[in-house]
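First residue of the sequence shown: 1, per my numbering; consecutive thereafter. Note that CB positions come from ideal geometry on N, CA and C, so glycine has one too.
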Amino acid sequence: MASTYLTRTQSASNRKTGTISFWYKICSLNSTHYIFNSYNSSVTGYLSSFIQIASSGRLEFLNYQASGSSNHSQVSTNRLLRDFNGWYNIVISWDTTQSTASDRVKIYVNGVQETSLSTTNYPALNEDLYFNIGGASTPLTIGFAFGVYSDAIMSHIHYIDGTAYDASAFGQADANGVWTIKTSPSVTYGTNGFFILKDGNSVTDQSGNGNNFTVASGTLTNTEDNPSNVFATLNPLINVPNQTYANGNTKCTDNDGSHKSNYATLGFSSGKYYWEAKAVGGTKYTIGLSDAENQSAYQQVTATNLIVGNSANSYLQGDAIGWYFDTLNKNGSAVASGIHTIVTNDIMMIACDADNGKIYYGVNGTWRVANSTTFNSADNDTTFTTGKAYTPAFSAENCGWETNFGNGYFGTTAVASAGTNASGIGIFEFDVPTGYTALSTKGLNL
Numbered sequence: 001m002a003s004t005y006l007t008r009t010q011s012a013s014n015r016k017t018g019t020i021s022f023w024y025k026i027c028s029l030n031s032t033h034y035i036f037n038s039y040n041s042s043v044t045g046y047l048s049s050f051i052q053i054a055s056s057g058r059l060e061f062l063n064y065q066a067s068g069s070s071n072h073s074q075v076s077t078n079r080l081l082r083d084f085n086g087w088y089n090i091v092i093s094w095d096t097t098q099s100t101a102s103d104r105v106k107i108y109v110n111g112v113q114e115t116s117l118s119t120t121n122y123p124a125l126n127e128d129l130y131f132n133i134g135g136a137s138t139p140l141t142i143g144f145a146f147g148v149y150s151d152a153i154m155s156h157i158h159y160i161d162g163t164a165y166d167a168s169a170f171g172q173a174d175a176n177g178v179w180t181i182k183t184s185p186s187v188t189y190g191t192n193g194f195f196i197l198k199d200g201n202s203v204t205d206q207s208g209n210g211n212n213f214t215v216a217s218g219t220l221t222n223t224e225d226n227p228s229n230v231f232a233t234l235n236p237l238i239n240v241p242n243q244t245y246a247n248g249n250t251k252c253t254d255n256d257g258s259h260k261s262n263y264a265t266l267g268f269s270s271g272k273y274y275w276e277a278k279a280v281g282g283t284k285y286t287i288g289l290s291d292a293e294n295q296s297a298y299q300q301v302t303a304t305n306l307i308v309g310n311s312a313n314s315y316l317q318g319d320a321i322g323w324y325f326d327t328l329n330k331n332g333s334a335v336a337s338g339i340h341t342i343v344t345n346d347i348m349m350i351a352c353d354a355d356n357g358k359i360y361y362g363v364n365g366t367w368r369v370a371n372s373t374t375f376n377s378a379d380n381d382t383t384f385t386t387g388k389a390y391t392p393a394f395s396a397e398n399c400g401w402e403t404n405f406g407n408g409y410f411g412t413t414a415v416a417s418a419g420t421n422a423s424g425i426g427i428f429e430f431d432v433p434t435g436y437t438a439l440s441t442k443g444l445n446l
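Below you can see the structure in the form of structure tokens.
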């Protein structure tokens, strides 16, 4: 939602008691994530109730008037939310009618109440918050405030007007102790209550209240990535400077004319996986596979031209394979030269068999060695050492990649016509080879 936000005008209603529950996947921490905001700038100094993740990573609940009032409430966690790979279930409830101050705001993360707090300036007894003031001058916004967009993915957003629930109303632990979604919680939503983004990117209220939202800016893109099945994305924690990420960390762009290395957030040491990537914006692209041990070494590398599989410092700790221009390289040596030159808008296909140490490349629906749309396990491009942990790897120079690990999109554009996929996990442009699946938490556990 880095350039997208939602809005709705609320009715005047209960301003003392309520609950917000949502699932949140962080994509960056370059600035504050303003997640929910009820904001009125027409009064002196403005007033606002909002929920945010600060640039430090602290989760915070605030009720605030900038000037002319001492009405400033803030509750902040010591816990820092900085995991770019996982989803957080965040539940915040408030009830200013409680006689004990610490009972007036409660924060839960993945089912556990946060009791280690850095700031505990609780609302006053019976204080009216700025949620549910009502009217067009104080709308509720999701994903934007004070000129800043939240860079994240969201799912299963519940807003409760008039009741303070704990986290167990919206989630539960499975047999392995993992916190999971209650897809149809038994709650009373109240006048302004709603339930949106239940199973996709619909902003139509699923609570029965008809409190639908409007996409006020940008494009609300659907994604297969969800709290029950986390898909690989690019990992912004492992890079060198002048690299930007977008679209939920599925797109990477080099901005200074020298190759940068990018890796996926999920790796594998066994199994068979398929992914795609679209070349965008230039002429110098590399796509391949890297030994995961390289990643820690890359964090120490300041040199440019980190071309996966081609340059010496692209395989500091182990195997690296990359298709660069028209040459397929492995650990600095050419495996095949004079093959197709990757150009803008090419959709590259990779099938990786970690059980047998084989990698297969395709371009725009045709497998390279076989020169056919039909996949043949005998037609591998090269081999790699089995038993190690590997991740997809990408590099580019003044251009970038839009990856599709199964979300069904290149950037904000959906695949033209989804190919077949026997595993049922993920949506791809082309047919997924039989026996292969998406690189996701469910795919890893097939």
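- For the pair D355 and K330, the Cα-to-Cα distance works out to about 19 Å.
- Check the Cα spacing between S28 and each of Y159, T180, F231, T250: the tightest is with T250.
- When Cβ pairs closer than 8 Å are counted between the two stretches, the region 104-117 is seen not to touch the region 152-162, the count staying below three.
- In this structure, the straight-line span from the alpha carbon of G177 to that of V112 is close to 12 Å.
- With respect to the 9 Å criterion, A264 and T441 are not classified as neighbours on the basis of their beta carbons.
- Y324 and V187 have their alpha carbons spaced roughly 55 Å apart.
- Three or more Cβ pairs closer than 8 Å define a contact, and the region 226-241 falls short of that threshold against the region 207-215.
- Shown here for F146: same chain residues with a beta carbon closer than 7 Å to its own, the five before and five after excluded, namely Y34 in chain order.
- By a beta-carbon distance limit of 8 Å, Y390 contacts D291. Their separation comes to about 6 Å.
- Restricting attention to S116, T96, G135, the CA atom closest to the CA of A124 is found in T96.
- E293 sits in a helix when the DSSP states are folded into three classes.
- Here F231 is bridged, per DSSP, to S440.
- Rounded to the nearest angstrom, the gap between the Cα atoms of D431 and T374 is 9 Å.
- Using a 10 angstroms sphere on the CB of H72, the tally of other CB atoms stays under 16, which defines it as exposed.
- Contact check for Y122 against S99 fails: the beta carbons are separated by 9 Å or more.
- Looking at the DSSP output, S76 shares a beta bridge with E60, T119.
- With contact defined as three or more Cβ pairs closer than 8 Å, the region 361-371 and the region 194-207 are not in contact.
- A distance below 9 Å separates the beta carbons of A279 and C399.
- Counting only residues of its own chain and dropping the five nearest sequence neighbours on each side, I53 has a CB closer than 6 Å to the CB of H33, L59, L81.
- With a beta-carbon spacing of about 6 Å, Y149 and S3 fall inside the 8 Å limit used to define contacts.
- Distance from the CA atom of S137 to the CA atom of M348, rounded to whole angstroms, is 49 Å.
- Per DSSP, I157 is one residue of the beta strand (DSSP E) stretching across 152-161.
- Note on T115: under 16 other CB atoms within 10 angstroms of its CB, so exposed under the neighbour-count rule.
- Proximity to F384 across G318, S337, D225, L439 peaks at G318, based on C-alpha coordinates.
- G18 has W94, D161 as its beta-bridge partners, per DSSP.
- For L328, the uninterrupted beta strand (DSSP E) run begins and ends at 327-330, by DSSP.
- By the neighbour-count definition (other C-beta atoms within 10 Å, threshold 16), G210 is an exposed residue.
- In this structure, W401 sits near A277, with a CB-CB distance shorter than 9 Å.
- Per DSSP, H340 has no beta bridge partner at all.
- As a beta-bridge residue in DSSP terms, S395 pairs with S261, T286.
- The beta-carbon separation of N89 and W23, rounded to 5 Å, stays under the 8 Å limit for a contact.
- A distance below 8 Å between beta-carbons, with the five flanking residues on each side excluded, links K388 to the following residues of its chain, in chain order: S269, D291, A292, E293, G318, D319.
- Taking C-beta separations shorter than 7 Å and ignoring five residues to either side along the sequence, the partners of G411 in its chain run N247, K251, E402, following chain order.
- Taking 9 Å as the cut-off, the beta carbon of T19 is found closer than this to the beta carbon of W94.
- Y88 is bridged by DSSP to Y24.
- With at least 16 other beta carbons inside 10 angstroms of its own, S48 counts as buried.
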